[in-house]
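These notes are about the structure you will find just below.
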Amino acid sequence: MVQLLKDSPDFAPVYLHQAFIEIDEPGGYEAFMLALRHVIEASGGMTVIAKRAGISRESLYKSLSPNGNPSFKRIAEVASATGYPISRIAAAGLNAPA
Numbered sequence: 060m061v062q063l064l065k066d067s068p069d070f071a072p073v074y075l076h077q078a079f080i081e082i083d084e085p086g087g088y089e090a091f092m093l094a095l096r097h098v099i100e101a102s103g104g105m106t107v108i109a110k111r112a113g114i115s116r117e118s119l120y121k122s123l124s125p126n127g128n129p130s131f132k133r134i135a136e137v138a139s140a141t142g143y144p145i146s147r148i149a150a151a152g153l154n155a156p157a
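In this text, residue positions in the sequence shown follow my numbering: the first is 60, and each later residue adds one.
So this is what it looks like as structure tokens:
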């Protein structure tokens with residue numbers, strides 16, 4: 060998945076959008092966090108994204124770990140740091156078939 064995201068960066072907001080709209084399904088939160096980690100890796104990795112987001116790498120790892128519980132603000136900061144802010148993720152569904 061990471062290679063696909065690197066090769067086709069326009070797919071990232073669509074991928075995150077799909078994971079986000081399924082967040083309330085069983086396993087949906089975990090799937091969204093995995094998708095966000097994939098996009099982070101494809102966008103330069105944890106160190107690069109943490110620096111762009113203005114947080115420590117350790118804090119980012121902790122927030123995105125299976126036991127992490129990041130705030131929506133933290134998720135929004137990280138998404139923006141990848142180049143795919145929440146507004147772009149939300150808009151990715153506007154052209155999707157119903």
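Backbone N, C-alpha and C define an ideal beta-carbon position, used for all residues, glycine too.
With 16 as the cutoff for other CB atoms within 10 Å, does PRO72 come out buried or exposed?
buried
Among LEU95, GLN62, LYS65, which has the Cα closest to the Cα of GLN77?
LEU95
How about LEU75 and VAL98: do their beta carbons lie closer than 9 Å?
yes
Near PRO156, what residues of its chain come up, given a Cβ to Cβ distance below 8 Å and the 5 sequence neighbours on each side ignored?
Confidence at PRO156 is low in this model, with a pLDDT of 48, below 50, so the placement of that residue should be treated as unreliable; the coordinate-derived value is given next. So no residue of the chain qualifies.
Secondary structure at GLU84, three-state DSSP: helix, strand or coil?
coil
Cβ shell of GLY9 (< 7 Å), same chain only, five flanking positions each side left out
Lying before the first or after the last residue shown, residue 9 is absent from the chain, which here runs from 60 to 157.
Going by other Cβ atoms of all chains shown within 10 Å of its Cβ, with 16 needed for buried, is GLU136 buried or exposed?
buried
By Cβ distance, which residues of its chain are closer than 7 Å to GLY152, with the 5 residues on each side in sequence left out?
HIS76, ILE80
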